[in-house]
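Just below is one structure, and these are the notes that go with it.
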């Protein structure tokens, strides 16, 4: 079988009679049948024929198949956004009375979903510190625990969780192991190799890479993906065929893009680490990172995010953002263009101050999504803003 990067480029929808080289977009809501029997067979799940783009679409399938290959999974399903992939993986597989065990360092919207909405369906939850030991994870498992959910690297604090250690606990307790791999991407980290049953992504970020479209995907074990597919095709968070076409083309350059993002980010981190205006700085592949030894064991590089805390707190953070001339101020990340944000007042604003501090989202924390511009231009803008 070809290398996974080759598959990300060469997996394509069957060529039409027009003999196109690049896959066309299938901008259609539904698909036709030659006979009533073929239509009956498709609706009875006796064939794989296309029915309706809320269920599946050839372009969506192409993107999904590429992600399945990149992550080394058995199957997958693509959704309208990263959060619909996360919520679909929860709602399809958890029921009233079940317990979800999660790391406390997670994306703000995921925290809201877990803490505000899952309890409305009778699903319990509890958090474990991203720095927890194996014994602490095991102690948090309850008789009704059904799933472990983590991010690594975490958003935005860049904690690195030991995928193998948590995977062993999930397996020993027969739990579904669900990993958000958005920050690392499959070219940098493959959670399935460490025991993950499911891997979720916001395709809006690095997978697209140019800040153009929304998308999500969940891949993993075939029997679990089937339940997620059945839930999502009924509830409707379908990925747009246009967005799927954009994302599928984006995957063809994911490997080379992430190499540049990571090399730029490492350079920026090295240059800023001892800057007098910066209190602390985190990048997974810096030896100063508290989880450096775990990062180098499970990641190919440190990724494209650099975080630092300004010594002057929230006011210094405001002044820094306002002084930037080239870097964009936007809620997204994973773009060709470098982006700066202030998590405490934006993506994680709905957490209480105590909850933010518990996951290292201090008032002066700045998150830099390092783009593909020349590394010295990125550094120059950050340095002048720090000054």
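In this note's numbering, the protein residues as written are 1 to 387.
Every residue gets a Cβ at the ideal spot worked out from N, C-alpha and C, and that includes glycine.
Give every residue of the same chain whose Cβ lies closer than 8 Å to the Cβ of residue i, excluding the five residues on either side of it in the sequence, and list them in chain order.
{"i": "residue 197", "result": "170, 176, 177, 178, 220, 221, 224"}
{"i": "residue 208", "result": "215, 246, 247, 250, 334"}
{"i": "residue 75", "result": "68, 219, 220, 221, 222, 225, 226"}
{"i": "residue 30", "result": "51, 52, 53"}
Are there 16 or more other CB atoms within 10 angstroms of the CB of residue i, so buried, or fewer, so exposed?
{"i": "residue 16", "result": "exposed"}
{"i": "residue 185", "result": "buried"}
{"i": "residue 151", "result": "buried"}
{"i": "residue 32", "result": "exposed"}
{"i": "residue 95", "result": "exposed"}
{"i": "residue 19", "result": "exposed"}
{"i": "residue 174", "result": "exposed"}
{"i": "residue 188", "result": "buried"}
{"i": "residue 190", "result": "buried"}
{"i": "residue 117", "result": "exposed"}
{"i": "residue 357", "result": "exposed"}
{"i": "residue 154", "result": "buried"}
{"i": "residue 40", "result": "exposed"}
{"i": "residue 97", "result": "exposed"}
{"i": "residue 167", "result": "buried"}
Per DSSP, what are the beta-bridge partners of residue i in this structure?
{"i": "residue 305", "result": "369"}
{"i": "residue 99", "result": "124, 145"}
{"i": "residue 292", "result": "DSSP output for residue 292 lists no bridge partner at all."}
{"i": "residue 341", "result": "367"}
{"i": "residue 267", "result": "Note: residue 267 sits in no beta bridge, so no partner."}
{"i": "residue 282", "result": "307"}
{"i": "residue 329", "result": "340"}
{"i": "residue 180", "result": "151, 200"}
{"i": "residue 79", "result": "216, 238"}
{"i": "residue 164", "result": "Beta-bridge pairing links residue 164 to no other residue."}
{"i": "residue 52", "result": "30"}
Cα separation between residue i and residue j?
{"i": "residue 8", "j": "residue 385", "result": "39 Å"}
{"i": "residue 380", "j": "residue 22", "result": "39 Å"}
{"i": "residue 62", "j": "residue 12", "result": "6 Å"}
{"i": "residue 267", "j": "residue 375", "result": "7 Å"}
{"i": "residue 230", "j": "residue 360", "result": "38 Å"}
{"i": "residue 71", "j": "residue 134", "result": "25 Å"}
{"i": "residue 261", "j": "residue 73", "result": "25 Å"}
{"i": "residue 324", "j": "residue 387", "result": "11 Å"}
{"i": "residue 338", "j": "residue 165", "result": "33 Å"}
{"i": "residue 272", "j": "residue 309", "result": "11 Å"}
{"i": "residue 281", "j": "residue 305", "result": "11 Å"}
{"i": "residue 202", "j": "residue 37", "result": "38 Å"}
{"i": "residue 49", "j": "residue 42", "result": "6 Å"}
{"i": "residue 390", "j": "residue 296", "result": "Absent from the structure is residue 390, since the part of the chain shown begins at 1 and ends at 387."}
{"i": "residue 107", "j": "residue 156", "result": "8 Å"}
{"i": "residue 172", "j": "residue 181", "result": "22 Å"}
{"i": "residue 365", "j": "residue 307", "result": "7 Å"}
{"i": "residue 111", "j": "residue 83", "result": "11 Å"}
{"i": "residue 228", "j": "residue 322", "result": "43 Å"}
{"i": "residue 93", "j": "residue 77", "result": "14 Å"}
{"i": "residue 300", "j": "residue 35", "result": "51 Å"}
{"i": "residue 211", "j": "residue 287", "result": "31 Å"}
{"i": "residue 2", "j": "residue 194", "result": "22 Å"}
{"i": "residue 269", "j": "residue 285", "result": "9 Å"}
{"i": "residue 86", "j": "residue 149", "result": "10 Å"}
{"i": "residue 44", "j": "residue 234", "result": "15 Å"}
{"i": "residue 259", "j": "residue 252", "result": "13 Å"}
{"i": "residue 303", "j": "residue 377", "result": "19 Å"}
{"i": "residue 125", "j": "residue 14", "result": "44 Å"}
{"i": "residue 200", "j": "residue 355", "result": "24 Å"}
{"i": "residue 132", "j": "residue 26", "result": "47 Å"}
Leaving aside the five residues before and after residue i along the sequence, list all residues of the same chain whose C-beta is less than 6 Å from its C-beta, in chain order.
{"i": "residue 382", "result": "none"}
{"i": "residue 264", "result": "370, 375"}
{"i": "residue 65", "result": "11"}
{"i": "residue 244", "result": "59, 60, 63"}
{"i": "residue 328", "result": "337, 339"}
{"i": "residue 213", "result": "243, 246"}
{"i": "residue 119", "result": "none"}
{"i": "residue 81", "result": "214, 216"}
{"i": "residue 205", "result": "182, 333, 334"}
{"i": "residue 368", "result": "306, 340"}
{"i": "residue 47", "result": "41"}
{"i": "residue 283", "result": "269, 302, 306"}
Please list, in chain order, all residues of the same chain as residue i whose beta carbon is under 7 Å from its beta carbon, the five residues on each side excluded.
{"i": "residue 128", "result": "101, 103, 104, 136, 137, 140"}
{"i": "residue 91", "result": "231"}
{"i": "residue 88", "result": "79, 218, 228, 231, 232, 237"}
{"i": "residue 114", "result": "100, 102, 125"}
At a cut of 8 Å, does the stretch 342-356 reach the stretch 273-289 through at least three beta carbon pairs? no
If we count Cβ pairs, one from each stretch, closer than 8 Å, do we get three or more for the stretch 330-346 versus the stretch 313-322? yes
Counting pairs of Cβ atoms below 8 Å between the stretch 154-163 and the stretch 283-296, do you hit three or more? yes
Counting beta carbon pairs with one atom in the stretch 138-146 and one in the stretch 96-108, are three or more of them shorter than 8 Å? yes
Touching or not, the stretch 43-57 and the stretch 235-243, by the rule of three or more beta carbon pairs under 8 Å? The stretch 43-57, when compared against the stretch 235-243, does touch it at the 8 Å Cβ threshold.
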